[in-house]
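Report on the following structure.
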Amino acid sequence: MNASSFPALLQRFFTERLVTQQGASLHTVAGYRDTFRLLFRFAKARLGREPSALRLEELDPAFLEAFLGHLERDRGNRPRTRNHRLSALHAFFRYVALAEPAVRLQCQRTLAIPMKRFERGPVEFLTEDEATALVSAPTAATWIGRRDRALLLLAVQTGLRNSEITSLRQGRVTRVTPGHVHCASGEPVAADFVVWATGASAPAWIGESGLPCDDRGFVAVNDYLQSTSHPSVFAAGDVATMITRPLPKAGVFAVRQGPLLAENLRRFLGGDALRTYRPQRRFLSLISTGGRHAVASYAGLSWQGRWVWTWKDRIDKRSMRKYDGVPWPVDAGDAYVRR
Ligand SMILES: Cc1cc2nc3c(=O)[nH]c(=O)nc-3n(C[C@H](O)[C@H](O)[C@H](O)COP(=O)(O)OP(=O)(O)OC[C@H]3O[C@@H](n4cnc5c(N)ncnc54)[C@H](O)[C@@H]3O)c2cc1C
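One gets the numbering used here by counting positions in the sequence shown from 1 and adding 29 to each.
As structure tokens, then:
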């Protein structure tokens with residue numbers, strides 16, 4: 030074998046084998062490239078020869094073992110890194126064994142160089158304080174920081190692996206069967222436990238009624254909570270969208286619109302001037318995340334923890350207590366019970 034065949038083989042290994050045939054990732058190609066860079070540097074020091082003058086026969090197992098020893102001894106590489114470098118050499122010599130049968134014996138002996146055993150440390154779990162510190166490390170002042178926080182929080186709360194997080198996809202779910210979620214793309218996703226987290230959606234009858242709707246199909250109303258086309262039709266809460274100021278579909282708005290809706294209905298029937306609904310600018314959001322934990326947000330600030338859950342629980346119970354003793358509409362109630 031002449032000297033020119035080694036550079037040609039190496040080039041074909043990177044371009045044809047790794048990139049074209051195997052579709053290796055950029056990280057793999059870069060890792061293999063670094064291995065050969067180090068090997069050439071070592072060869073120059075040891076043999077006094079430029080990479081272009083190197084012969085494949087010179088890269089025999091003894092030479093390669095000396096190179097691996099140099100990595101550990103002189104560069105302080107750990108066995109795991111040494112094994113990565115050896116993987117790159119193995120991949121190259123597997124390719125050479127097919128491309129140049131004349132050097133098959135050398136390839137076989139190189140492929141017989143074993144990986145080094147090493148102790149794997151036990152997997153450590155983060156304490157609650159460590160996890161909190163990790164999640165709050167990215168800045169909340171930039172969208173990239175907020176994205177990183179969201180990803181870290183997702184990882185901490187779900188225990189998903191990196192590969193599982195990067196494979197999260199948005200898609201329309203068409204069906205859920207035991208053990209699987211089926212998507213519109215036709216791809217079933219295996220699932221042990223399914224959590225539905227949905228937003229409000231408009232019922233079909235609104236669009237069919239001929240009332241003007243917003244682009245999501247909710248009744249379009251003016252500032253008096255009155256349909257923009259039919260003055261005698263009023264709508265409030267999730268089912269309505271104020272066209273001058275679309276609001277999130279949240280209970281805080283629905284609850285506050287209730288009294289004004291009742292008053293405007295009375296005023297409309299009495300021929301009086303209607304009152305304008307003025308939504309609050311800011312509102313507190315409290316969401317339970319399970320395990321007596323909750324997150325809160327208000328005016329761009331957020332909090333989380335057990336104390337937030339206790340806070341939410343108190344607000345919820347106080348709110349429900351208002352309905353204690355409220356008489357059930359007797360006729361409707363009886364009719365409902367009898368059905
Ligand atoms: C799981 C969940 C958690 C939520 N948590 C919060 C929260 O923490 N804070 C918050 O602010 N908001 C929260 N929301 C949103 C909040 O519940 C809604 O914004 C709020 O209930 C809207 O009130 P509403 O009266 O407009 O509609 P709804 O509360 O949905 O009431 C509509 C009523 O109309 C009835 N209905 C529907 N169609 C018909 C029909 N054709 N004939 C007769 N009756 C009909 C329905 O059965 C229902 O009782 C949450 C929503 C969900 C689903």
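Note that beta-carbon positions come from the ideal geometry of N, C-alpha and C, so glycine has one too.
- Here THR273 carries a coil assignment [DSSP, helix/strand/coil].
- Listed in chain order, the non-local C-beta contacts of LEU68 below 7 Å within the same chain comprise PHE96, local neighbours out to five positions each way being set aside.
- In its chain, beyond the 5 residues on either side, LEU276, PRO308 have a beta carbon closer than 7 Å to the beta carbon of PHE282.
- Here DSSP, grouped into helix, strand and coil, assigns GLY150 to coil.
- If you look at SER348, you'll find it isn't in any beta strand (DSSP E); it sits in the alpha helix (DSSP H) that goes 335 to 350.
- With a cut-off of 7 Å, the C-beta of PRO288 is classified as distant from ligand 1, since no heavy atom of the ligand falls inside that distance.
- Burial state of MET271 is buried, judged by a 10 Å Cβ sphere holding 16 or more other Cβ atoms.
- THR206 is bridged by DSSP to HIS209.
- Contact annotation, VAL132 with VAL164: C-beta distance approximately 54 Å; criterion of less than 8 Å not satisfied.
- Taking C-alpha positions only, ALA220 is separated from ASP252 by approximately 45 Å.
- Taking a C-beta distance under 8 Å as the contact criterion, ALA269 and VAL250 qualify as a contact pair.
- Using a C-beta cut-off of 8 Å, the stretch 288 to 307 makes no contact with the stretch 119 to 128, since fewer than three inter-stretch Cβ pairs fall below that distance.
- Secondary structure of SER196 (DSSP, three-state): coil.
- Closer than 7 Å to some heavy atom of ligand 1: that does not describe the Cβ of PRO260.
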